[in-house]
Every structure is written in C-alpha cells, then in structure tokens.
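What follows is a set of notes on a single structure, which appears directly below.
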Amino acid sequence: MTERFDWLKQKYYTPGLHGLASEYSGEDEKAALELLFERFTHNDYNERDDAIEKLAELIIERNFLPEDTMIIGTAKGTEADGAMAGLYLLKPLLSEINLDWSERNISPVLKHATEMCLNDNIKNIVVFDDFIGSGKTLVDNIQKLKSDLNSKRNANYNILVAAFAGMEFGINHITNTLNVEVTCPIRLIKGISDYNTENREKIKSIVLKMEEILGQNWNNLKLRTFSFGYKKSEALYALIRSNCSNNVFPIFWWPKNLDGTHRVTLLKRLR
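Okay, structure coming up:
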C-alpha cells in the first residue's frame, strides 16, 4: 500500500500503518482502506507554509490595516488548538507586511478577542480556524461574537472566516447561516458519500463494520458521536504531526480497542 501513497512511506506513519494492517486483514477491509487512502488529502509543513502565505496575501489584497483589523481564533482560553498554532505562524508574515502590525491585532482566545473588537475603529474581523469540519462550532462562536459586539458598539464591521482546509458542507453551512465570506484554499468533500460510485453503499457498510473493533467510550466521549467522523463528516485529511480532526473517520485515530487496550493509530488526537 505504501508504494502507491508517498506520504505513508514517512517513518512517522509506519507504526500506525502496521496497526491498521493487523486489525483489518480481510480483503474487503484492505480494499476499503486503499480506497480511502486514494481520497486522502495529506499536507506536510511546506504545504502548510503555502497556506499561511495565502492568508497573508489575503490581508494585503483586502487592504486590511493594523488600525482597523483584528485576526481572532476561537479557543476557549486554556486549550492549545490548531487555530492558535496557525495564528502564531502568521505573526512573522504580518511583520513583513507592515511594521505597525502587533500582538494587539491577534487574539487566539474568543473571550479576549471580543473585548478587543469592541473598539469602533475595528472594521474588519478575520475569524480564523485551521480546519473547518461541520462548521457548527464556528457558527455558534460567530453568532455569540456578533451578539456581544452589537450590544456594545456600532455594527459597522465586516466578518471574514479564514481557514487552511475545510469540509465543503461545513463551509456551506457557515455561508448559508451567517451570510459571511469564507476563504479556504483546501476544500474537501465527504470521503464516501460525495463520490457517486456504484459501490458507495457497500464501502459504507464495510467501514461501519470496521468501527466495531473500537472501544465504545474514551475520555467521556462516545464512539457513536464520531462514527464516520463528527457529524458524519467523512473527512479524509491530515497534517503531519498534528492533532487529527475529530471529523476524520475514527478508524484512523480513535485510540481505544473494544477491550479497553490502547490502539496504535495512524493519526493522533489528544483530547
């Protein structure tokens, strides 16, 4: 299998790939895995750098200025998430654009960001996340942000959502619900359902059967919530050495076996 997919040849993925091979040795299971790998989007650090540069280019193209722009994440306060990491990497690029950009223009924590956006001079609010899954969390957070702002300042501001990668259905949910623009260079479709193939339902049933070896609970999470990925996202996306999105099929990242023992997974997720 690694002969066909260069990213799987990387040493980082070897233990998890061996784990999948030992767990899923049936012909149907192996065929399903190969099909999913064909549809996988895998990014390395160079591709992530390209995505960060595109975000910086967007700021230049839209003429967003330090005096009227906030770039914010949606972290809850204590967690280290992908958006926080992405905003950190954006900092040196902002300094190249204009020396007036500063730490005050970036806030990865939603609560603090809301306070910064209360300034009537802020006309542009870029809400950033590294990956858009179902879009639900972003919709909820932006609705709260708008409610908090509109009760305390004028409504003369524009919100733009930016992400490195995202699910097409989640992006559509954001645009349709909030009527805001979403810029996202890597747009993904569901790994099985959005492919109009004759064997689509068969592949679904095989993958669902493959989930049966996974533990039903982990860290107060229930597997059924993440069957086929959170909100049935069927995501097939990974950034090397990153915290895997829970929108990805759980056979690739769920860390517990049915007997409670630890799985050696291809992708890693810390809750």
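Counting in our numbering, the sequence shown runs from 13 upward without gaps.
Glycine included, every Cβ here is placed at the ideal spot set by N, Cα and C.
- prompt: Looking at G31 and V192, is the spacing between their C-beta atoms short of 7 Å?
  reply: no
- prompt: Rounded to the nearest angstrom, how far is the Cβ of D141 from that of A175, given a contact under 8 Å?
  reply: 5 Å
- prompt: What's the call for A95, buried or exposed, on a 16-neighbour Cβ count within 10 Å?
  reply: buried
task: Take the Cβ of S37 as the centre, count every other Cβ of all protein chains shown within 10 Å, and call the residue buried at 16 or more, exposed below.
output: exposed
task: In the DSSP assignment, find the unbroken alpha helix (DSSP H) run with E293 in it and report its ends.
output: With the chain covering 13 to 283 only, the question about residue 293 has no answer from this structure.
- prompt: Smallest Cα separation from A125: which of E46, L29, T86 and L278?
  reply: T86
field: Beta-carbon proximity of K164 to L130, cut-off 7 Å
entry: yes
- prompt: When the Cα atoms are used, what is the spatial distance from L77 to G145?
  reply: 29 Å
message: Let me confirm a value: N258 is counted as buried when at least 16 other C-beta atoms fall within 10 Å, else exposed. Which label applies?
response: buried
- prompt: Which two residues bound the contiguous alpha helix (DSSP H) that contains I225?
  reply: Looking at the DSSP string, I225 is not in any alpha helix (DSSP H), and its letter there is neither H nor E.
task: Please work out which residues of its chain come closer than 6 Å, Cβ to Cβ, to W265, disregarding the five sequence neighbours upstream and downstream, and give them in chain order.
output: C256, T277, L279 and R281
- request: Output the distance between the C-alpha atoms of G272 and I72, rounded to the nearest integer angstrom.
  value: Rounded to the nearest whole angstrom, the C-alpha separation of G272 and I72 is 51 Å.
field: 6 Å Cβ shell around L105 - same chain, five flanking residues per side excluded
entry: Excluding sequence neighbours, L105 sits near A68.
task: Could you check if G34 is buried or exposed, using at least 16 other CB atoms within 10 Å of its CB as the buried criterion?
output: The residue you asked about is not Gly; residue 34 is Ser in the sequence shown. Per the 10 Å Cβ criterion, exposed.
- prompt: Using the beta-carbon count (16 or more within 10 Å), is K202 buried or exposed?
  reply: That one is buried.
field: Reference D56, options S107, Y249, G178 and K156, closest by Cα
entry: Y249
Separation of T26 from E238, as counted between CA atoms: Before going further, note that residue 238 is Phe rather than Glu in the sequence given. So the two alpha carbons sit approximately 24 Å from each other.
query: Among W230, S245 and N229, which one has its Cα closest to the Cα of I183?
result: S245
message: Helix, strand or coil, according to DSSP, for E210 in the structure here?
response: coil
message: As an exercise, report each continuous beta strand (DSSP E) stretch of at least 3 residues that is fully enclosed by the region 245-282, in chain order.
response: For the region 245-282, whole beta strand (DSSP E) runs of length 3 or above, ordered along the chain, are 249-251.
task: With distances taken Cα to Cα, identify the nearest neighbour of S119 among F17, N208, N229 and D93.
output: Nearest C-alpha to S119: D93.
field: Three or more C-beta pairs below 8 Å linking the region 41-59 and the region 105-117
entry: no
Straight-line gap, R147 to H185 (C-alpha atoms, nearest Å): In the sequence as presented, Arg is not what sits at residue 147; that position holds Gly. Using only the alpha carbons, I get a separation of about 6 Å.
- prompt: Within 10 angstroms of its Cβ, does R60 collect 16 or more other Cβ (buried), or is it exposed?
  reply: buried
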